[in-house]
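Q:
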Amino acid sequence: NPSEAVCIADIGASATKMVVVQDGVPVFTKESSIGGKNVTSEIQKHLGLSFNDAETLKTGGQGTGLPQEVSELLHVMAENLAGEIKRALDFYGDSSSVSPVSYLLLTGGGCKIPDLSRIVEETVGLPTQIANPFNSVSYDPSVFTAEYIEAIAPLAAVPVGLALRAGAK
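Given below as structure tokens:
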């Protein structure tokens, strides 16, 4: 519904950018310095690993289950991120005369943190989902599997948006 206010939180490597959009117009923006690199740094620090090894662990690149200590760190970082989003939306709600936010969309590589969407939803108290910019984009299933599309969807919001915008010109 275009008249509803929606918050989009892009959780990138070095920052989380939040924008509240109503009727297709950004009405509030906020940036937080918490991003994916913070998570990797915490894993690196607590386990004494190189940055690359910590990044591999964070993204599940080893193909094995996450060690308990890494799972706990990811959960704490997800709670911190959810708290940042809640503070931004509380500030928006306290200082704005526009519509309250109806729901929250998460994008960016940080969305890969396990249970992030659920933790944010519980913390913020709004329906929350990971955005999939491919919902309205057709693709050849013989080239791209549904699992691959789902895996890259959080990372593709900005590129797909730019491509659609360029195509509209």
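Whatever position you read off the sequence shown (first residue = 1), add 708 for the numbering used here.
Ideal Cβ placement from N, Cα and C applies to all residues, glycine included.
(1) Between V868 and the rest of its own chain, which residues show a CB-CB distance below 8 Å, the 5 nearest in sequence each way excluded?
(2) Identify the residues that DSSP records as bridge partners of Y856: which are they?
(3) Do three or more CB pairs link the segment 737-756 to the segment 802-811 at distances below 8 Å?
(4) Let me check understanding here. Comparing Cα to Cα, which of P775, P734, P862, L757 lies closest to L814?
(5) Compare the C-alpha of R795 against each of L872, G818, T724, L755 and name the closest.
(6) Could you check whether A790 and V828 sit closer than 9 Å to each other, using their CB atoms as the reference points?
(7) On the DSSP letters alone, give me the boundaries of the beta strand (DSSP E) that E739 sits inside.
(8) Would you mind listing the alpha helix (DSSP H) stretches within the segment 745-793 that are 4+ residues and don't spill past its ends, in chain order?
(9) Give me, in chain order, the residues of the same chain whose beta-carbon lies closer than 8 Å to that of D679; leave out the 5 immediate sequence neighbours on both sides.
(10) Might you give, ordered along the chain, the residues of its own chain that have their beta carbon closer than 8 Å to the beta carbon of F759, omitting 5 neighbours on each side?
(11) Give me, in chain order, the residues of the same chain whose beta-carbon lies closer than 6 Å to that of R718; leave out the 5 immediate sequence neighbours on both sides.
(12) With a 10 Å radius around its C-beta and 16 neighbouring C-beta atoms as the bar for buried, classify L870 as buried or exposed.
(13) Might you give, ordered along the chain, the residues of its own chain that have their beta carbon closer than 6 Å to the beta carbon of K738, omitting 5 neighbours on each side?
(14) Tell me which same chain residues have a C-beta within less than 8 Å of the C-beta of A713, skipping the five on either side of it?
(15) What number of angstroms, rounded off, separates the C-alpha of I838 from the C-alpha of E830?
(16) For S802, does the three-state DSSP call read helix, strand or coil?
A: By the coordinates alone:
(1) P841, F842, V845, listed in sequence order.
(2) Bridge partners of Y856: none, in fact.
(3) No, the segment 737-756 is not in contact with the segment 802-811.
(4) Among P775, P734, P862, L757, the Cα nearest to that of L814 belongs to P862.
(5) Taking R795 as reference, the option from L872, G818, T724, L755 with the minimal CA-CA separation is T724.
(6) Contact flag set, yes.
(7) Start and end: 733-740.
(8) Listed in chain order, the complete alpha helix (DSSP H) runs (minimum 4 residues) inside the segment 745-793 are 759-766.
(9) Absent from the model: residue 679. The displayed extent of the chain is 709 to 877, so no value can be given.
(10) By the criterion of a C-beta distance shorter than 8 Å, F759 is surrounded in its chain by T748, S749, Q752, once the five residues flanking it on both sides are discounted.
(11) The question names Arg, but residue 718 is Asp in the sequence shown. The residues K725, T815, G816, in chain order, have a CB closer than 6 Å to that of D718 in the same chain once the five nearest residues on each side in sequence are set aside.
(12) L870 should be labelled exposed.
(13) If the five residues before and after K738 are omitted, its C-beta is found closer than 6 Å to the C-beta atoms of M726, A796, all from its own chain and listed in chain order.
(14) Excluding sequence neighbours, A713 sits near V728, V729, Q730, V735, V806, S807, P808, V809, S810.
(15) When rounded, the distance between both Cα atoms is 14 Å.
(16) Per the sequence shown, residue 802 should be read as Asp rather than Ser. Helix.
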